[in-house]
Structures are given as C-alpha cells and as structure tokens.
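This report concerns only the one structure given below.
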Amino acid sequence: MRDDRLFNYLHLHFIVFIWGFTAVLGALISIESVPLVWWRMVLAVIMIIIYMKVKKIPFQFTGVHKLPRKRLLSICLAGMVIALHWITFFGAIKASNVSVTLAMMSTGAFFTALLEPLFTPKKLVWYELVFGMVIIGALYYIFQVETEYIMGMVLGLISAFLSATFSIMNVTFAKEHPPSMISFYELLSGVVLLSLFFAFPQFDFVGPQQLTSDDWLWMGILASVCTAYAFIASVKVMKYLSAYTVMLTTNLEPVYGILLAFFILGDAEQMTPQFYIGAVVILVVIVLNGFIKTRLQRK
C-alpha cells in the first residue's frame with residue numbers, strides 16, 4: 210500500500226505539471242473561455258469514449274458499480290462544477306495573465322480546509338483559521354498593487370473555490386467507481402451545461418472553421434493530454450490520496466505554470482516584485498499548513 214501511495218503521489222505531481230501547462234495553453238488559444246472549455250470537453254469526451262471502447266469498459270453503472278440515481282446526479286453535478294471552474298480559470302487568464310491566475314488558484318487548499326468540515330467528518334482546526342487570515346492578508350496586498358488585474362484575480366479566486374469543491378466531491382466517487390466512467394459522465398454533463406450557454410446572446414459559439422491551425426494544435430494537446438489523460442489519471446490517484454493531499458500537491462501548479470509561462474510567453478508574464486512577495490507568502494503558508502498537518506497525523 211505504501212508503494213501504491215508513493216507511485217500515485219509522484220503520478221499526481223506529473224499531473225499537476227500538466228495542469229500548469231494547461232494555463233499556458235489557455236493563453237495561447239485565441240478564443241474566449243466558454244467556447245474554449247466547450248471544445249475542450251467535447252474532444253475529451255470523444256477520446257474517453259474511444260478509450261472505454263478499446264478497454265471494453267461499460268458506460269453503465271452495473272453490477273458492483275451500480276449506483277442509485279442520486280449518486281449519478283451528484284456525479285453530473287460535479288461535472289458542471291468542473292466546467293464552471295474551467296470557465297472561470299480560462300476567463301481569469303484572458304482577463305489578466307497566467308501568473309496572476311495561478312497565484313489565485315494556490316488558495317485552493319485554503320478553501321478545501323474550510324469546506325471539508327462541512328462535507329466530511331474532518332474538523333476545522335485553529336491554525337488553519339490563522340493561516341487563512343494570513344492568506345487573506347496576502348491577497349489584499351496583491352489586490353492593492355495589481356489593480357489592473359482585479360477582474361482576473363476575482364475570477365481566479367472563484368475558480369479556486371470551485372476546484373476545491375470539485376476535489377472534495379470527486380474523492381468519494383473515485384474510491385467507489387471506475388475513473389474513466391466517472392470522467393465520462395462528468396465531462397459529458399459539463400458539455401450539456403455549456404451547450405445551454407450558447408442560447409444566450411453574450412456567449413458566441415465558435416465553429417471548427419473559426420479555429421486557426423495553431424488553435425487546433427493547442428486544443429488537441431489540451432483535450433488529450435491535459436484533459437482526457439489527466440482527468441482520468443487524477444480520479445484514479447484519488448483512490449489512494451485524500452482530498453487535502455490532492456489539493457496541497459495541486460498548489461505546485463502555480464510554480465510549474467509560472468515557470469513555464471515565463472519561458473514560453475516571456476515579457477507578458479513579468480509582474481511587480483510586490484506580486485511575487487504576496488504569491489510566495491500564500492505558497493509558504495499552504496506548504497507550512499501541510500507540514501504541520503502531516504506531523505500531527507504522525508503523532
């Protein structure tokens with residue numbers, strides 16, 4: 210079991226690295242967040258269908274995997290949450306840049322610490338509240354010095370909250386059902402939700418002919434490696450890891466993503482020293498929180 214946990218922990222780090230690259234792809238793809246996420250999820254669903262057909266994995270929850278309608282609705286709800294998370298995530302990138310968005314996303318572990326006591330037996334501890342206040346202070350500091358990116362910061366925080374919510378929901382599903390089946394229904398429900406968006410005039414559908422050759426290249430990587438593969442793999446590792454461990458490791462996404470963005474996107478990602486001070490404070494607090502939690506669990 211220890212070897213399984215170690216393998217899945219290292220696998221999770223690789224997945225998080227891919228997620229860091231996802232932010233860069235969001236900046237490279239030219240279309241807006243809603244059609245971007247719709248295409249991402251549609252292509253990923255097609256790839257998962259092919260994968261399930263090859264692996265002869267059933268599309269229905271039968272036998273030992275049979276579940277009541279309420280659970281299926283919960284899985285579909287989780288898919289809608291992840292769709293909204295991706296919309297706000299890419300929306301934040303479009304409104305600001307990769308660095309700002311990923312700095313806001315690093316607050317996901319804090320949101321997880323607040324939400325887990327509401328949905329799991331875990332109790333809220335005093336030092337998490339203290340760390341939360343420090344994070345709020347760091348966020349306020351960043352908001353004060355990077356006023357031109359306020360919209361991106363707000364969208365990034367909403368995205369972090371939705372990501373934490375999704376992680377807590379998905380841990381339960383991952384321990385009880387095949388990851389590819391969960392991913393298929395979650396992504397499919399996200400496609401259905403986003404398709405409804407195009408009924409409103411403020412959301413324009415982007416047809417395949419409107420995507421450039423570069424868009425198709427980046428979208429293909431985004432849908433295959435960063436979505437179909439990473440989505441199934443992340444659900445699988447959740448069988449062995451807690452929601453907090455997943456979210457804590459996910460906080461390396463800003464580190465990977467900001468470094469990748471700096472080398473790939475260049476000057477567009479350069480921020481003020483004050484921004485990096487605030488971002489480092491947030492990351493240090495999150496890592497320190499995980500360190501204390503691990504030490505207490507060992508005792």
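Residue numbers (the working numbering): 210 to 508.
Even glycine gets a Cβ: it sits at the ideal position worked out from N, Cα and C.
Under the three-state DSSP convention, the category residue i falls into
i    : result
P330 : coil
E241 : coil
F409 : coil
I266 : coil
H220 : helix
N306 : coil
T316 : coil
S492 : This sequence places Leu at residue 492; Ser is not what is there. In this structure, L492 counts as helix in the three-state DSSP scheme.
L461 : coil
T421 : coil
V273 : Model confidence at V273 stands at a pLDDT of 46, short of 50, so the residue's coordinates are unreliable and nothing is read from them.
E478 : helix
E337 : helix
H294 : helix
V415 : coil
Y449 : coil
P388 : helix
E170 : Here the chain comprises residues numbered 210 to 508, so residue 170 is not present and cannot be evaluated.
Burial state of residue i, where buried means 16 or more other Cβ atoms lie within 10 Å
i    : result
A312 : buried
D213 : exposed
I240 : buried
F375 : buried
T481 : exposed
L282 : exposed
Y349 : exposed
V263 : exposed
S404 : exposed
F393 : buried
T356 : exposed
N217 : buried
I486 : exposed
W295 : buried
L219 : exposed
F500 : exposed
E385 : exposed
L215 : exposed
G472 : Looking at the sequence shown, residue 472 is not Gly but Phe. With fewer than 16 Cβ atoms within 10 Å of its Cβ, F472 is classed as exposed.
Sequence-distant residues of the same chain with beta carbon closer than 6 Å to residue i, five excluded per side
i    : result
A322 : E337
V494 : F340, V343, I344
W247 : L403
M378 : A287
Short CB-CB distance (under 9 Å) between residue i and chain B
i    : result
S368 : In summary, chain B is missing from the structure at hand, where a single protein chain is found.
Own chain partners of residue i with C-beta closer than 7 Å, once the 5 adjacent residues on each side are dropped
i    : result
F320 : A369, F370, A373
K303 : E241, S242
A292 : V246, M250, G399, L402, L403
Spatial distance of residue i from residue j (CA atoms)
i    : j    : result
T421 : M342 : 45 Å
A253 : F268 : 15 Å
I259 : L397 : 14 Å
I224 : A439 : 6 Å
P388 : I441 : 6 Å
A236 : E462 : 16 Å
Q483 : L333 : 31 Å
K265 : N498 : 42 Å
L366 : Q419 : 31 Å
R278 : W228 : 31 Å
A488 : T459 : 15 Å
H222 : T310 : 19 Å
L474 : F226 : 17 Å
D424 : I238 : 5 Å
I257 : A437 : 6 Å
V455 : L426 : 29 Å
K448 : M428 : 29 Å
W335 : V446 : 29 Å
F168 : L450 : It is not possible to answer for residue 168, since the shown part of the chain is limited to 210 through 508.
E395 : I284 : 6 Å
Cβ shell of residue i (< 8 Å), same chain only, five flanking positions each side left out
i    : result
F352 : I359, M362
I491 : A312, S315, T316, I344, A347, L348
Check: residue i C-beta below 8 Å from any heavy atom of the ligand ATP
i    : result
F320 : With respect to the ligand ATP, the structure offers nothing, as it holds no ligand at all.
Note to self: Assess contact between the stretch 327-334 and the stretch 414-422, defined as three or more Cβ pairs (one per stretch) separated by less than 8 Å. Is contact present?
What the structure shows: With a cut-off of 8 Å, the stretch 414-422 and the stretch 327-334 do not count as touching, because too few Cβ pairs lie within range.
Can you confirm whether the stretch 404-411 touches the stretch 462-482 when touching is taken to mean that 3 or more C-beta pairs between the two stretches lie within less than 8 Å?
Not touching, per the Cβ criterion.
Report task. Flag this pair as touching only if the stretch 297-308 and the stretch 226-239 have three or more C-beta atom pairs under 8 Å; answer yes or no. Result -> Touching, yes.
task = Spell out a yes or no on whether the stretch 425-434 and the stretch 282-289 are touching, meaning 3 or more CB-CB pairs, one atom from each, closer than 8 Å.
result = Between the stretch 425-434 and the stretch 282-289 there are fewer than three C-beta pairs closer than 8 Å, too few to call the two in contact.
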